[in-house]
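Numbering (my numbering), first residue to last: 45 to 290.
Each residue gets a CB set at the ideal place from its N, CA and C atoms; glycine is no exception.
Here's the structure, in structure tokens; my notes come after.
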């Protein structure tokens, strides 16, 4: 081992950075604007939906007086592709077990959210949309006084829907460019002043990449690189050279 101790080699291996989604290939060239959305969507801790977290770090049993640590372990949730085509309010499919008979073994069971079809209205986009959603999503829309406030103030990790993230990008870009209500300037200013507070957290570049899946972001990056490295005909190069000499 060249004079090194045996336990030093594993320690050196542990120092290597673990590869992530942005380590190799085209994904390594994606801009920081997309990485910000990705970490908001995949890495940020979501609000608990399927369990109620206990406050504090310790709890005492009222009968025995035994003090035990509080363990808020998130319930594993499955998010199918269908959740990205609607508004589920952070709900997903919960996999667990049921003991249907005290004398028999527990059996696997899946808990599915109840879906309903509803019509919602976006004041910024001035559109009515028919969307598949859960009752929780509908309640959150009512609690936030409309679809626009709910989507704009909710992070991507709580939305858990690419449809909602794309609507969020479309709303924010409409506010940024102020191209909403082109035929009614009074209404445009009123709506803009109501929702402009949500623009402070994003730049225009970040909004261009917001709400894209990894596949869509890679495809967009490839198209941008192809456009930047587009070959230029030599006749244009020679013509520019002649114009400079004259």
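Item to complete: Helix, strand or coil for residue 140, going by three-state DSSP, please let me know.
Response: strand
Practice prompt. Decide if residue 131 is buried, meaning its Cβ has at least 16 other Cβ atoms within 10 Å, or exposed.
Written response: buried
Worksheet item: Residue range of the beta strand (DSSP E) that residue 102 falls in?
Response: 102-104
Discussion item. Please classify residue 136 as buried or exposed, where buried requires at least 16 other C-beta atoms within 10 Å of its C-beta.
Written reply: buried
Discussion item. Applying the 10 Å Cβ sphere with the 16-neighbour rule, what's the burial state of residue 272?
Written reply: exposed
Item to complete: Using alpha carbons as the reference points, say which of 275, 67, 95, 79 lies closest to residue 200.
Response: 79
Practice prompt. Quickly, what does DSSP pair residue 153 with across the bridge? List them, please.
Written response: 140
Item to complete: Give me the Cα-Cα distance between residue 189 and residue 146, rounded to the nearest whole angstrom.
Response: 46 Å
Worksheet item: Given a threshold of 16 other Cβ atoms within 10 Å of its Cβ, counted over all protein chains shown, does residue 45 qualify as buried or as exposed?
Response: Residue placement at residue 45 is flagged as unreliable, the pLDDT there being 48, under the threshold of 50; a coordinate-derived value is accordingly withheld.
Worksheet entry | Range covered by the beta strand (DSSP E) that runs through residue 171 | 171-178
Worksheet item: Taking only runs of the alpha helix (DSSP H) that begin and end inside the stretch 178-213, which ones reach a length of at least 4 residues, in chain order?
Response: 179-187, 191-197, 200-203
Worksheet item: Quick one: what's got a C-beta closer than 7 Å to residue 143's C-beta in the same chain, skipping five residues either side?
Response: 150
Worksheet entry | C-alpha distance - residue 260 paired with residue 84, whole-angstrom precision | 17 Å
Practice prompt. Run the CB neighbour count on residue 141, radius 10 Å, all protein chains shown included, and call it buried at 16 or more, exposed below.
Written response: exposed
Worksheet item: Taking three-plus beta-carbon pairs below 8 Å as touching, is the stretch 191-208 in contact with the stretch 224-231?
Response: no
Worksheet item: What's the gap between the Cα of residue 252 and the Cα of residue 126?
Response: 24 Å
Worksheet item: Under a three-way DSSP split, which group does residue 68 fall into?
Response: coil
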